[in-house]
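Student: Throughout the sequence shown, residue numbering follows mature numbering (1 follows the signal peptide of the UniProt record, and there is no 0), covering -20 to -1, 1 to 754 in sequence.
Glycine included, every Cβ here is placed at the ideal spot set by N, Cα and C.
Once you've had a glance at the structure underneath, I'll fire off some questions.
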Amino acid sequence: MAKSWFISCLLFSLLVALLAVHSHCYGDKKVHVVYMGEKAKDGLSISSLHHTMLSTVLGSPGAAEESLVYSYSRSFNGFAAKLSDEEAASLAEMEGVVSVLPNRILKLHTTRSWDFMGFPSNVSLGAPEAQGDIIVALLDTGAWPEADSFSDQGFGPPPPKWKGTCAANFTCNNKLIGARFYNSDNSYAPTDIKSPRDTEGHGTHTASTAAGRVVSGASFYGLGVGVARGAVPEARIAVYKVCWAYGCALADILAGFDDAIADGVDVISVSLGSEFPLQYFEDPIAIGSFHAMKRGILTSNSAGNSGPLPFSVSNYAPWSLTVAASTIDRKFVADVQLGNGITLQGYSINSFALVGTSYSLIYGGDAPNVSAGATPIVSRYCFPGTLNENKVKGKIVVCDALFDGSNIMEVNGLGTIMSDLEYSTVFFDFSFSYPLPATLVSLEDAAKALAYIQSTENPIGTIIAGEAYRDVSAPRVVSFSSRGPNPINPDVLKPDLTAPGVDILAAWSPLAPPSIYEKDTRSVKYNIISGTSMSCPHASGAAAYVKSFRPTWSPAAVKSALMTTAYVMDPRKNEDAEFAYGAGHINPLKAVNPGLVYNASQQDYVDFLCKQGYNTTTLRLVTGDSSSCTGNATGKGWDLNYPSFALSVSDGQQVMGTFYRTVTNVGPGNSTYYVTVSAPSSIKVKVEPTVLAFSSTGENKSYRVTVTGGVISQVPIISGDITWKDGVHNVRSPLAVYTVLPGPSPYVGGIMSTKPRFFEGSSVYHKNGILGRD
């Protein structure tokens, strides 16, 4: 069976993860997070409380001092400490503890995109002073402060609400106003810098995508040349470096949230996530975003890069915004021209222009490294060590596996033409860049290249320099973007929407490799990469744009505006439909004036959590108030005032569900909305009332949706929508009906996932009614 580069990368990731897990050990102790919910309001010193708890378990104040890593006290209550499993279990039993979590390692989930979504730079972007009051926080790998995207030319001082700081060994300005870094393990790779300075490139890329300045002439070696900018170029940026070469530690993520919330930011952008489902208060991003929501801050999350596997979506808490990744109308290709005149279409961000028109071609299977024990059956894949350097030196090598290019460089090959059986179609909707001339072709075109090589004594060819062409099929949700249904609560549709995440040009750290080869020594200011990590900051920037016009709106209102005004996606291009794209593709201009919004408060989410099995004791710890669960302790999540509708039906059962929603008029005072319903004949959707008449701005109106139908079995998804119209606004909510097996999904917990499960670390300790993993 073919072994692709991605399998090699997975094996490498396993090794890195094992080393990371090992590096988090202190003898028999590991970093754990003790989460205690909301801050106490009685004036007690939170840090003193944490020391007292540790002293009780560890036996002395000195041991407590040595053990403590972080004391979370600015925005919520908790601490991180080095603990044995027994000590963690003892702390879990203490009064006031919600959960004790091992310090898991989470993974990062990357000009033209804003124009593509109807948001060009020449539209009215609102008052610069309003944008200047908006602060976008990035929990990521830091930033490169000297990047042109972070210039503060013409900027005044930060807004008075800013309470943050800049690390002593970092250069902030009036654009990039804050920078912090966290490393609970105190472990650094050789490439890491002990500061908020970005050496991975990822954080610089996401920050500039969300709120970077307007920079003309940006490109990646001449590819994608144009204007690079964020959604809100005048907004301020604060970076919280929680990710390093080994990944992003749970304790550091919570520390970043704790500071960002207290620092006074308006939007938090988090392009990272767990590789397996977690209950809400076992997930650092769900915990942090809950406390951010309570203080009026929307958290925008990446959906994950584990698609198209179902139930693979991450960051599914209903109080945050979950963003899938889709294509834009620009695609990068690098064609192959053979000596017989045939041209093969290749996919690559190829920054190399080969001098000349033809070079010798060789098939990897014709150049085995016999001295190393390789045979043609092995060398055809061009794995490291399997090629004969004497035969391939200075030639373009045709390989039957996708790799990062290092395999050809080590034997002094000139370039490579790759195909891969396992990934023959998956990766043609986005492209990689490589450290040498390289491109990826289809299996059929690879067969044509091999036939030509075998037909002549001196086969020749070339890889044409990369170029962009118009992709008329865009937008489509890309193959790697994680899919729903929601693995924890199937009656809350996730992802929420989609945004550009394919071949995105944005600022880059000059210390980071610009290609997928980690030892690529070239240095660039801008780079082109793909991922839900790239779609997330597009949504974060769009949320900041809405917030600059609507500063008093709640996180739920901003999220609703983005969802109900989204462009409708074509299900013929996305067979997973709403499980791929949620409500649709973001449309920032429309979101400023949505007409109606679905608002939700902390109490709405508390009611939702009550129905998921959380009890009053736990919720009061989390919320810090007198929240309680009354009535039915368990049930569906249909009553949450969400901008979408999801109805999961046990396989072989009848379709039946009732939803209650309340909309708030944010448009003209005297407005009348009429409902339209789109649904297939297999289900019946009834909305009561069918008309909503508002007499003032801010007025609320409620309605009920009843969905019925016959018995259904093995139905992946039935799609519909409910839209309220007043002649100006179209307030659209998707409706998804689908079957699930009774009981927990087999995908939950990674049972059917290809992702390694030992990232999870040791057991999760919890009490007070928190639900465990399935």
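Hey, quick one: how far does the beta strand (DSSP E) through I496 stretch, first residue to last?
Tutor: It is not in any beta strand (DSSP E) - I496 carries neither H nor E in the DSSP assignment.
Student: Leaving out five residues before and five after P714 in sequence, what residues of the same chain have Cβ atoms less than 8 angstroms from its Cβ?
Tutor: Excluding sequence neighbours, P714 sits near L473, E558, G562, A563, G564, S624, F625, S699, G700, D701.
Student: Leaving aside the five residues before and after I444 along the sequence, list all residues of the same chain whose C-beta is less than 7 angstroms from its C-beta, in chain order.
Tutor: Hits under 7 angstroms: A314, D315, Q317.
Student: Check whether the segment 258 to 275 touches the segment 302 to 311, taking contact to mean three or more Cβ pairs, one atom from each stretch, closer than 8 angstroms.
Tutor: Judged by Cβ distances under 8 angstroms, the segment 258 to 275 makes no contact with the segment 302 to 311, as fewer than three pairs qualify.
Student: With a CB to CB cut of under 7 angstroms and the five nearest residues on each side skipped, what residues in its chain are close to S129?
Tutor: Taken in chain order, the residues that qualify are S188, G192, R193, V195, A208, A487.
Student: When the Cα of T638 is compared with those of N554, K616, Q592, which residue comes out closest?
Tutor: Among N554, K616, Q592, the Cα nearest to that of T638 belongs to K616.
Student: Suppose the cutoff is 7 angstroms on Cβ atoms and the five residues either side in sequence are ignored; what does the same chain contact list for D138 look like?
Tutor: In the sequence as displayed, the identity of residue 138 is Pro instead of Asp. Counting only Cβ-Cβ distances below 7 angstroms, and skipping sequence neighbours, we find N154, I157, R216.
Student: Does DSSP put K527 in a helix, a strand or coil?
Tutor: Of the three classes helix, strand and coil, the one that applies to K527 here is helix, per DSSP.
Student: Who are the near neighbours of V642 in its chain, counting only those whose CB is closer than 6 angstroms to its CB and skipping five residues on each side?
Tutor: The question names Val, but residue 642 is Thr in the sequence shown. Counting only Cβ-Cβ distances below 6 angstroms, and skipping sequence neighbours, we find N621, N680, S682.
Student: Are at least three pairs of beta-carbons, each pair with one atom in the segment 284 to 295 and one in the segment 571 to 591, less than 8 angstroms apart?
Tutor: No: the two stretches stay apart, fewer than three of their Cβ pairs being nearer than 8 angstroms.
Student: Do three or more CB pairs link the segment 239 to 253 to the segment 52 to 59 at distances below 8 angstroms?
Tutor: Result yes; three or more Cβ-Cβ pairs closer than 8 angstroms.
Student: Would you grab the beta carbon distance between S280 and G253 for me? Rounded to a whole angstrom, and I think it's under 8 angstroms.
Tutor: The pair is not a contact, with the Cβ atoms about 12 angstroms apart (cut-off 8 angstroms).
Student: Could you check where the beta strand (DSSP E) with N680 kicks off and where it finishes?
Tutor: Run containing N680: 680 to 692, per the beta strand (DSSP E) assignment.
Student: Taking the C-alpha atoms as reference points, what is the distance between A61 and D120?
Tutor: Taking the straight line from one Cα to the other gives about 22 angstroms.
Student: Using three-state DSSP, classify R712 as helix, strand or coil.
Tutor: Here R712 sits in strand by DSSP.
Student: Let me confirm a value: V350 is counted as buried when at least 16 other C-beta atoms fall within 10 Å, else exposed. Which label applies?
Tutor: When all chains shown are included, V350 counts as exposed.
Student: When we look at the beta-carbon of C590 and count the other beta-carbons within 10 Å, is it buried (16 or more) or exposed?
Tutor: Its Cβ being crowded by 16 or more others within 10 Å, C590 is buried.
Student: Keeping to the same chain, check which residues put their C-beta closer than 7 angstroms to that of S331; ignore five residues upstream and five downstream.
Tutor: Excluding positions up to five away in sequence, the list reads F200, Y201, L203, S413, G446.
Student: Go ahead and label Q694 buried or exposed: buried means 16 or more other beta carbons lie within 10 angstroms of its beta carbon, across all protein chains shown.
Tutor: Burial call: exposed.
Student: Just to confirm, is the Cβ distance from P475 to V293 under 7 angstroms?
Tutor: Yes.
Student: For the segment 409 to 481, list the alpha helix (DSSP H) runs that are entirely contained and at least 4 residues long, ordered along the chain.
Tutor: The qualifying runs are 423 to 435.
Student: Applying the 10 Å Cβ sphere with the 16-neighbour rule, what's the burial state of N579?
Tutor: That one is buried.
Student: Would you mind giving the Cβ-Cβ distance between S662 and G689, rounded to the nearest angstrom? I have them listed as a contact below 8 angstroms.
Tutor: The Cβ separation is near 6 angstroms, so the contact holds.
Student: What residues in its chain sit with their C-beta under 6 angstroms from that of A524, if we drop five residues either side in the sequence?
Tutor: Hits under 6 angstroms: I114, V116, V212, A215, V247.
Student: Is there contact between the segment 541 to 557 and the segment 335 to 342, where contact requires at least three CB pairs shorter than 8 angstroms?
Tutor: No, the segment 541 to 557 does not touch the segment 335 to 342.
Student: Quick check: what's the CA-CA separation for V720 versus P467?
Tutor: Taking the straight line joining both Cα atoms gives about 11 angstroms.
Student: Where do the ends of the beta strand (DSSP E) carrying F59 lie?
Tutor: Looking at the DSSP string, the run of the beta strand (DSSP E) that includes F59 is 58 to 63.
Student: Start and end of the alpha helix (DSSP H) containing C228?
Tutor: Run containing C228: none in the alpha helix (DSSP H); it sits in the beta strand (DSSP E), 227 to 229.
Student: Taking the alpha-carbon of V665 as reference, which of S676, D263, T644, V635 has the nearest alpha-carbon?
Tutor: The candidate whose alpha carbon is nearest that of V665 is V635.
Student: Figure out for me which residue from T532, S251, V222 has the closest Cα to the Cα of H518.
Tutor: Measuring from the Cα of H518, the nearest candidate turns out to be S251.
Student: In angstroms with no decimal places, state the Cα-to-Cα distance between E109 and S175.
Tutor: Each residue's Cα considered, the two are about 30 angstroms apart.
Student: Can you tell me which residues form a DSSP beta bridge with C146?
Tutor: For C146, which the question treats as bridged, DSSP gives the partners A159.
Student: Indicate the three-state DSSP secondary structure (helix, strand or coil) for G637 in the structure shown.
Tutor: Three-state DSSP puts G637 in a strand.
Student: Helix, strand or coil for A20 per DSSP?
Tutor: Residue state, collapsed to three classes: coil.
Student: For H12, list the residues DSSP reports as bridge partners.
Tutor: Bridge partners of H12: A61, P82.
Student: So which of R275, Y343, F312, V421 has the shortest CA-CA distance to L324?
Tutor: Checking every option, the nearest Cα to that of L324 belongs to V421.
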